[in-house]
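Chemist: Here the sequence shown stands for residues 47 to 128, where the numbers follow the working numbering.
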Amino acid sequence: LDANTIIVLSCSAGWSCFTRNYPDKKVLQVTEDIGLVITDADREIFKVVMPYKGHESELGKEYRTNTGEPLVGKKIKLRCTA
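(1) Let's see if you can read the secondary structure: which residues bound the beta strand (DSSP E) around Gly81?
(2) Tell me, to the nearest whole angstrom, how far the beta carbon of Val94 is from that of Val73; I am working on the premise that it is less than 8 angstroms.
(3) Looking at C-alpha atoms only, which residue of Asn50, Val76, Asn67 and Ala128 is the closest neighbour of Lys99?
(4) Helix, strand or coil for Thr65 per DSSP?
(5) Tell me whether Val76 is buried or exposed, calling it buried when 16 or more other Cβ atoms sit within 10 Å of its Cβ.
(6) Can you name the start and end residues of the beta strand (DSSP E) that Glu108 belongs to?
(7) Distance, Cα to Cα, Gly81 vs Ile52?
(8) May I ask you to list the residues that DSSP assigns as paired with Leu74?
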């Protein structure tokens, strides 16, 4: 890799993989984990089912994969409770 800085657009686990694989590079984490999600790969959507502290208002919300676009209406039929 012919660069000195890597900007990682992934969750913290992905960022951690980059820091281990490129220890000589500056690896920037520019995203924030909001919680655990389930995904529907066929429809390219995900639903927040267990938000992390500080993101409790995200419980049950659904988004378009790769864009984060909020979806209107429930596409994944799963009830989420705190």
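Glycine residues also receive a C-beta, built at the ideal position from the N, C-alpha and C atoms.
Modeler: In short:
(1) For the purposes of this step, residue 81 is identified with residue 35 of the sequence shown, where counting begins at 1. Its beta strand (DSSP E) spans residues Gly81 to Asp86.
(2) For the purposes of this step, residue 94 is identified with residue 48 of the sequence shown, where counting begins at 1. For the purposes of this step, residue 73 is identified with residue 27 of the sequence shown, where counting begins at 1. About 26 angstroms separates the beta carbon of Val94 from that of Val73, a gap too long to meet the 8 angstroms contact definition.
(3) For the purposes of this step, residue 99 is identified with residue 53 of the sequence shown, where counting begins at 1. It is Ala128.
(4) Start at 1 with the first residue of the sequence shown, and residue 65 comes out as number 19. Three-state result, Thr65: helix.
(5) As a working mapping, residue 76 is identified with position 30 in the sequence shown. Looking at its Cβ environment, which holds fewer than 16 other Cβ atoms inside 10 Å, Val76 is exposed.
(6) What you label residue 108 is simply residue 62 of the sequence shown in a count that begins at 1. Where Glu108 is concerned, the enclosing beta strand (DSSP E) stretches over Glu108 to Arg110.
(7) The residue labelled residue 81 in the question sits at position 35 within the sequence shown. The residue labelled residue 52 in the question sits at position 6 within the sequence shown. Each residue's Cα considered, the two are about 24 angstroms apart.
(8) Here residue 74 is taken as the residue at index 28 of the sequence shown, counted from 1. According to DSSP, residue pairing for Leu74 in a beta bridge involves Ile53.
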